[in-house]
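Asker:
Residue numbers (our numbering), protein chains in the order written: chain L, 628 to 1014; chain X, 101 to 697.
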């Protein structure tokens, strides 16, 4: 591979000669030390929203409640994202270790992995690995067990509070916030819920130390990230890259020479057109991503791309709140009407305003983020919406 | 005492206890924030998003019903951003809603309609989504119509059914654009555990859940000169009807209601209170007889505790939920059905009217009564005992249709026979009322003395919303024939709302409770909070209705059922004795075990 982008080998790399070595060593350290390391590392959640992991853990640790939980969000449902699948099949031990370290820090005895329904095929291997983990935990005198819960295919259950509802046997609908999971999560008990990749990052920070970790990435986006590269690229797949790179470098590396746009962060992310490749940073200071990078070349109709996303949102909205349930339908039917000529071009402005309303009034991240792809595609490819 | 905090809403300092929401704080400061899915009786959903406001420091708007106020918080309820967002949201709701208002039963009494006019909608900001939807209308049931095309998915009904009633007949099905409120396997309401209590109807902001109305058939009966149309009115109607006709809650309108019914053209305006008194006599004797058979005859086939059976929502609930406890139900029909059976027998005889020409109408605070009247076992007169059941709301509609100026009507009295009542009957309309009325009578039968409470007010059994009330009444110095009850502490329980009823009956089922007599009313607060009462409903309104009921009781010259002169007369002339042959034929019934699914 050319040296255009910095390849990293943190997540998938060998991390110790002995199994569960990092966990064993971490268990000997004080909780404050571990939290301080994570804080110093600058680690932010890898699910997409980018909440500082150390703060989440600290708040949960501080709750004066005995019963607490660690939950690993493995409900990887964002279109174009498939990196958790890879992590879980290649380095599940790191994930379990990260959860165990979290359990020690916050004082939890029970952890859950909420696994995407479509990943059921991974369950036998994960359970085997989990048996081994439990054996080690026993050996290390760690009072912590992990249970795997299967999702049933709803995208919304990747939203943390809907995920808790689902785990509790209820309909997967997002809750009102506050209270946040750090105060009232699973069974209304303080809960740390992190993405699969975040837990792995914690293990690697514990292994190499925050100083080494901080050398990767930029001021706002420390560390590396596992990207799921798909679309019009000669080399689709999983790549671990340094955060904070300009998009232009990414396109040079992965594009097919005819790239007109990149959808960063999946259906709920942003569409970046060619003219902005240069000025766009992949990271929290620019366009953040949970890992999905979809590359489109000039043969693609951006109207179809957007229509496809809206189809997805219209169906995957939980239907609970008005802006999301009805808004998604209106956006989809709206662009259809403009395309057909039933509505004037200015109706797109009306739809842009609606997407803005969805962004500020929807109950959860799903409804709020529909506007990201909608406005970035409509703004940048208006002529494709009309003709 | 909770800690206080101060926030600023639209520049006004508001001090509220901790854990107050922004919406509640704003209402305290008399700042109106529109809302839809929020309801004082229910848990916060935060799903309609109509009540969004701007809060300093927050990138998004926040739902004021769900967001707790915090110290120093700055809230803005009327910025351009807020106004546009709210308008968008209401427009979105309307785009999915069958907004054919003139054809809607709730026209003029619809929260969505109020909001639409407040927001000056009508610009057709968005596309009409209704034509692309396949909405179903369930009108197969006697009491409630569920029209999905009017539903705005606020889930008030779902929360009502689960939280207040623990019935959960209604729940959310599907997701995204197909999300809807549905039932088990999408069966019609009459095939699921729905109790027809109508609490969802009371809280539905639109016309998605309404009662099945019988206004037109009743008018037709009135116009038909060959028919003799008799109307009975339940105790809780007279203290709430005024609300639907422009009067404030808590106004007693008995006299005006009677006057109105006479002007509507009913041939005889009678009082369900009369059969409420009769219920007390029958049910009181049934309780005493069960106690005797258990305590004296050591009869193990007799079920105790005995529970009341006046509330048809409760009956359907126990049939589904605790079918094994049906023997504990009093076999007495509800006052409505006793009345119906007597109308086409006793009344017909006395008045010399052929029962086949009698149309028997009842006005009830209740939707479940419509289902009850349609039960196959409710035909003991040889005819359908009660032909049409109107809710309080439907009566108000008829009064408006007839052009009556309700407020200026004079006070008139019920006709006779079957028109006289007592304070004991009036309190049937509130939780604890049947218990109190029964005790006023049973205690006197057993001891020959009045219940030992000041002014006959047995306050320990007066129920409260949201709680199960337990009380013990000690029976002392009995008459010789009731010697076996000497010193017995009668354990009474009063519950209102089916969620509480379920808890009580679970205790009975588990054998952890040793009660004698249980009063259960399906609706919060009893019949005064019934599913057929004027909309809106909230704790404050129900509290006012409750005081009105006790006020009416205190104002009655006779306050004990057994002293009702017409009750004495009917036993002498027609029924013979309580629990006698005729009573069993006309006033008692049996129940049907039903499945949960």
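Cβ coordinates follow ideal geometry from the N, Cα and C atoms, glycine included.
Helix, strand or coil: which one does DSSP assign to residue 186 of chain X?
Answerer: Working through the second chain from its first residue, we reach residue 186 of chain X at position 86. Three-state result, residue 186 of chain X: helix.
Asker: Out of curiosity, what's the CA-to-CA distance linking residue 894 of chain L and residue 857 of chain L?
Answerer: Here residue 894 of chain L corresponds to residue number 267 of the first chain, with the count starting at 1. Here residue 857 of chain L corresponds to residue number 230 of the first chain, with the count starting at 1. For residue 894 of chain L and residue 857 of chain L, the distance between alpha carbons rounds to 13 angstroms.
Asker: Under the DSSP definition of a beta bridge, which residues are partnered with residue 590 of chain X?
Answerer: Within the second chain, residue 590 of chain X is the residue found at index 490, counting from 1. Looking at the DSSP assignment, residue 590 of chain X forms a beta bridge with X:573.
Asker: In this structure, what does DSSP give as the bridge partners for residue 851 of chain L?
Answerer: Along the first chain, read from residue 1 onward, the residue named residue 851 of chain L stands at position 224. Bridge partners of residue 851 of chain L: L:869.
Asker: Is residue 408 of chain X helix, strand or coil by DSSP?
Answerer: Stepping through the second chain from its first residue, residue 408 of chain X is reached at position 308. Residue 408 of chain X: coil per DSSP, three-state reduction.
Asker: Between residue 266 of chain X and residue 598 of chain X, how many whole angstroms is the CB-CB distance? I'm expecting something under 8 angstroms.
Answerer: Numbered from 1 along the second chain, position 166 holds the residue referred to as residue 266 of chain X. Numbered from 1 along the second chain, position 498 holds the residue referred to as residue 598 of chain X. That pair is a contact at about 6 angstroms.
Asker: Which same chain residues, not among the five before or five after residue 929 of chain L, have their C-beta less than 6 angstroms away from its C-beta?
Answerer: For this step, residue 929 of chain L is matched to residue 302 along the first chain. So the qualifying residues of the chain are 1004, 1008, 1011.
Asker: Give the secondary structure of residue 524 of chain X by DSSP, where H, G and I count as helix, E and B as strand, and everything else as coil.
Answerer: Reading the second chain from its first residue, position 424 is the one you call residue 524 of chain X. Of the three classes helix, strand and coil, the one that applies to residue 524 of chain X here is helix, per DSSP.
Asker: Can you list the residues of chain L that residue 146 of chain X reaches, using a CB-CB cut of under 7 angstroms?
Answerer: The residue you call residue 146 of chain X lines up with position 46 of the second chain. Within chain L, the residues near residue 146 of chain X are 803, 990.
Asker: Is the shortest distance between the beta-carbon of residue 277 of chain X and the beta-carbons of chain L less than 8 angstroms?
Answerer: Here residue 277 of chain X refers to the residue found at position 177 of the second chain. At least one chain L Cβ lies under 8 angstroms of residue 277 of chain X.
Asker: Would you tell me roughly how many angstroms separate the C-alpha atoms of residue 485 of chain X and residue 444 of chain X, rounded to the nearest one?
Answerer: Within the second chain, numbered from 1, the residue matching residue 485 of chain X stands at position 385. Within the second chain, numbered from 1, the residue matching residue 444 of chain X stands at position 344. Taking the straight line from one Cα to the other gives about 7 angstroms.
Asker: With three or more beta-carbon pairs closer than 8 angstroms as the criterion, would you say the stretch 659 to 672 of chain L touches the stretch 830 to 839 of chain L?
Answerer: yes
Asker: Along the beta strand (DSSP E) that carries residue 920 of chain L, what are the first and last residues, could you check?
Answerer: By 1-based counting over the first chain, the position of residue 920 of chain L is 293. Run containing residue 920 of chain L: 919 to 924, per the beta strand (DSSP E) assignment.
Asker: Can you tell me where the alpha helix (DSSP H) holding residue 107 of chain X begins and where it ends?
Answerer: Start at 1 with the first residue of the second chain, and residue 107 of chain X comes out as number 7. Run containing residue 107 of chain X: none in the alpha helix (DSSP H); it sits in the beta strand (DSSP E), 104 to 109.
Asker: Considering just the uninterrupted stretch of the alpha helix (DSSP H) at residue 834 of chain L, what are its terminal residues?
Answerer: Within the first chain, the letter at position 207 stands for residue 834 of chain L. For residue 834 of chain L, the enclosing alpha helix (DSSP H) has its first and last residue at 823 to 841.
Asker: So residue 152 of chain X contacts chain L; which residues on that side make the cut at Cβ distance below 7 angstroms?
Answerer: Reading the second chain from its first residue, position 52 is the one you call residue 152 of chain X. 988, listed in chain order.
Asker: Are there three or more Cβ pairs, one per stretch, closer than 8 angstroms when the stretch 951 to 969 of chain L is compared with the stretch 984 to 992 of chain L?
Answerer: Short answer: they touch.
Asker: Strictly below 9 angstroms CB to CB, what residues from chain X border residue 809 of chain L?
Answerer: Taking the first residue of the first chain as 1, we reach residue 809 of chain L at position 182. What residue 809 of chain L touches in chain X: nothing, since even the nearest Cβ is about 16 angstroms away.
Asker: Mind checking whether residue 701 of chain X and residue 141 of chain X have CB atoms under 8 angstroms apart?
Answerer: As shown, chain X starts at 101 and ends at 697. That puts residue 701 of chain X outside it, with no answer to give.
Asker: How would you list, in chain order, the residues of chain X whose beta-carbon sits under 7 angstroms from the beta-carbon of residue 996 of chain L?
Answerer: Residue 996 of chain L sits at position 369 when you count from the first residue of the first chain. Residues of chain X passing the Cβ test: none, with the nearest at roughly 11 angstroms.
Asker: Tell me where the beta strand (DSSP E) around residue 776 of chain L begins and ends.
Answerer: Residue mapping note: residue 776 of chain L aligns to position 149 of the first chain, counting from 1. 772 to 777 is the span of the beta strand (DSSP E), which, as asked, contains residue 776 of chain L.
Asker: Please report whether the beta-carbon of residue 999 of chain L lies at a distance below 8 angstroms from any beta-carbon of chain X.
Answerer: Within the first chain, residue 999 of chain L is the residue found at index 372, counting from 1. For residue 999 of chain L, the answer is no, since every Cβ of chain X falls outside 8 angstroms of its Cβ.
Asker: Could you give the distance in angstroms between the alpha-carbon of residue 863 of chain L and the alpha-carbon of residue 901 of chain L?
Answerer: Residue mapping note: residue 863 of chain L aligns to position 236 of the first chain, counting from 1. Residue mapping note: residue 901 of chain L aligns to position 274 of the first chain, counting from 1. Those two C-alpha atoms are separated by around 19 angstroms.
Asker: Quick check on the burial criterion: 16 or more other C-beta atoms within 10 angstroms. Buried or exposed for residue 397 of chain X?
Answerer: In the second chain, the residue the question calls residue 397 of chain X occupies position 297. Classification for residue 397 of chain X: exposed.
Asker: Just verifying my parser: in three-state terms, what is the DSSP assignment at residue 165 of chain X?
Answerer: If you number the second chain from 1, residue 165 of chain X lands on position 65. Annotated three-state conformation of residue 165 of chain X is coil, per DSSP.
Asker: Residue 764 of chain L to residue 245 of chain X, Cα distance in whole Å?
Answerer: In the first chain, counting from the first residue as 1, residue 764 of chain L sits at position 137. In the second chain, counting from the first residue as 1, residue 245 of chain X sits at position 145. Their backbone Cα atoms lie some 58 angstroms apart in a straight line.
Asker: Could you tell me whether the stretch 732 to 740 of chain L touches the stretch 683 to 693 of chain L, using the rule of 3 or more Cβ pairs below 8 angstroms?
Answerer: Output reads yes: the stretch 683 to 693 of chain L touches the stretch 732 to 740 of chain L.
Asker: Which residues, taken in chain order from the stretch 175 to 199 of chain X, show a beta carbon closer than 8 angstroms to some beta carbon of chain L?
Answerer: Of all residues in the stretch 175 to 199 of chain X, only 181, 184, 185, 188, 189, 192, 193, 195, 196 place a beta-carbon less than 8 angstroms from a beta-carbon of chain L.
Asker: Using 8 angstroms for Cβ pairs, my map puts residue 887 of chain L next to residue 923 of chain L. What's the rounded Cβ distance?
Answerer: By 1-based counting over the first chain, the position of residue 887 of chain L is 260. By 1-based counting over the first chain, the position of residue 923 of chain L is 296. Right, their Cβ atoms sit about 6 angstroms apart.
Asker: Report the option in X:431, X:419, X:656, X:425 whose CA atom is closest to the CA atom of residue 387 of chain X.
Answerer: Position 287 of the second chain holds residue 387 of chain X. The residue with the shortest Cα to Cα distance from residue 387 of chain X is X:431.
Asker: Quick one: Cα of residue 629 of chain L to Cα of residue 762 of chain L, how far?
Answerer: As a working mapping, residue 629 of chain L is identified with position 2 in the first chain. As a working mapping, residue 762 of chain L is identified with position 135 in the first chain. Unreliable placement is indicated for residue 629 of chain L, whose pLDDT of 42 sits below 50; no coordinate value is reported for it.
Asker: Measuring CB to CB, does residue 610 of chain L end up less than 8 angstroms from residue 776 of chain L?
Answerer: Residue coverage of chain L in this structure runs from 628 to 1014, which leaves residue 610 of chain L outside it and unanswerable.
Asker: What residues of chain L sit near residue 121 of chain X, judged by a beta carbon separation below 9 angstroms?
Answerer: Position 21 of the second chain, counting from 1, holds the residue named residue 121 of chain X. By Cβ distance, chain L contributes nothing, its closest Cβ being about 10 angstroms from residue 121 of chain X, past 9 angstroms.
Asker: Is the Cβ of residue 696 of chain X closer than 8 angstroms to any Cβ of chain L?
Answerer: The residue given as residue 696 of chain X occupies position 596 in the second chain. Residue 696 of chain X does not count as touching chain L.
Asker: In whole angstroms, what is the alpha-carbon distance linking residue 959 of chain L and residue 926 of chain L?
Answerer: Taking the first residue of the first chain as 1, we reach residue 959 of chain L at position 332. Taking the first residue of the first chain as 1, we reach residue 926 of chain L at position 299. Looking at the two C-alpha atoms, the distance is approximately 22 angstroms.
Asker: When the distance is taken between beta carbons, is residue 321 of chain X closer than 8 angstroms to residue 112 of chain X?
Answerer: For the purposes of this step, residue 112 of chain X is identified with residue 12 of the second chain, where counting begins at 1. For the purposes of this step, residue 321 of chain X is identified with residue 221 of the second chain, where counting begins at 1. No, the Cβ-Cβ distance between residue 112 of chain X and residue 321 of chain X is not below 8 angstroms.
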